[in-house]
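Student: What follows is a single structure, and I will ask about it in a moment.
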């Protein structure tokens, strides 16, 4: 599912115009990005957490030159789904697989 598909589905289910849904979705993405870039995490109960993870420094290899390079420590964004979310996905995917196998 792409962003356009998501906007269409939300618009159909809620009756809100696609433009308004798109603006809301873009605002959500922007706020999550800004909050993470400030070093804060975003917690959404029942859905999951957008968190900032610290990667330790390590030694990498430049393949073309065949030399070792040091990769400094850095921070990356990550998503950790809530337990309820994970259980719901597992249950639905398992049920769908069983249904597909029965056919």
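In the numbering used here, the protein residues as written are 106 to 208. Idealized CB from N, CA, C, for every residue including glycine.
1) So, using beta-carbon positions, are residue 176 and residue 165 closer together than 8 Å?
2) Residue 194: buried (16+ other C-beta within 10 angstroms of its C-beta) or exposed?
3) Drop a sphere of 10 angstroms on the beta-carbon of residue 126, count the other beta-carbons inside from all chains shown, and report buried for 16 or more, exposed for fewer.
4) Tell me the DSSP secondary structure of residue 187 in three-state form.
5) State the Cα-Cα distance for the pair residue 174 and residue 160, rounded to the nearest angstrom.
6) Starting from residue 175 and walking both ways along the beta strand (DSSP E), at which residues does that stretch end?
7) Take residue 152 and list the residues in its own chain whose beta-carbon comes closer than 7 Å to its own, dropping the five residues that flank it on each side.
8) For residue 167, which residues in the same chain have their Cβ closer than 7 Å to its Cβ, ignoring the five residues on either side in sequence?
Tutor: In brief:
1) As a working mapping, residue 176 is identified with position 71 in the chain shown. As a working mapping, residue 165 is identified with position 60 in the chain shown. The answer is yes: Cβ separation under 8 Å.
2) On the chain shown, position 89 is the one that residue 194 refers to. Looking at its Cβ environment, which holds fewer than 16 other Cβ atoms inside 10 Å, residue 194 is exposed.
3) The count along the chain shown starts at 1 and reaches residue 126 at position 21. Under this definition residue 126 is a buried residue.
4) Here residue 187 corresponds to residue number 82 of the chain shown, with the count starting at 1. Residue state, collapsed to three classes: coil.
5) What you label residue 174 is simply residue 69 of the chain shown in a count that begins at 1. What you label residue 160 is simply residue 55 of the chain shown in a count that begins at 1. Rounded to whole angstroms, residue 174 to residue 160 spans 16 Å at the Cα level.
6) Looking up residue 175 in the chain shown gives position 70. Segment 172 to 176, the beta strand (DSSP E) holding residue 175.
7) Taking the chain shown and counting its residues from 1, the one referred to as residue 152 is at position 47. Taken in chain order, the residues that qualify are 187 and 190.
8) As a working mapping, residue 167 is identified with position 62 in the chain shown. Once the five neighbours on either side are set aside, the close Cβ partners of residue 167 are 174.
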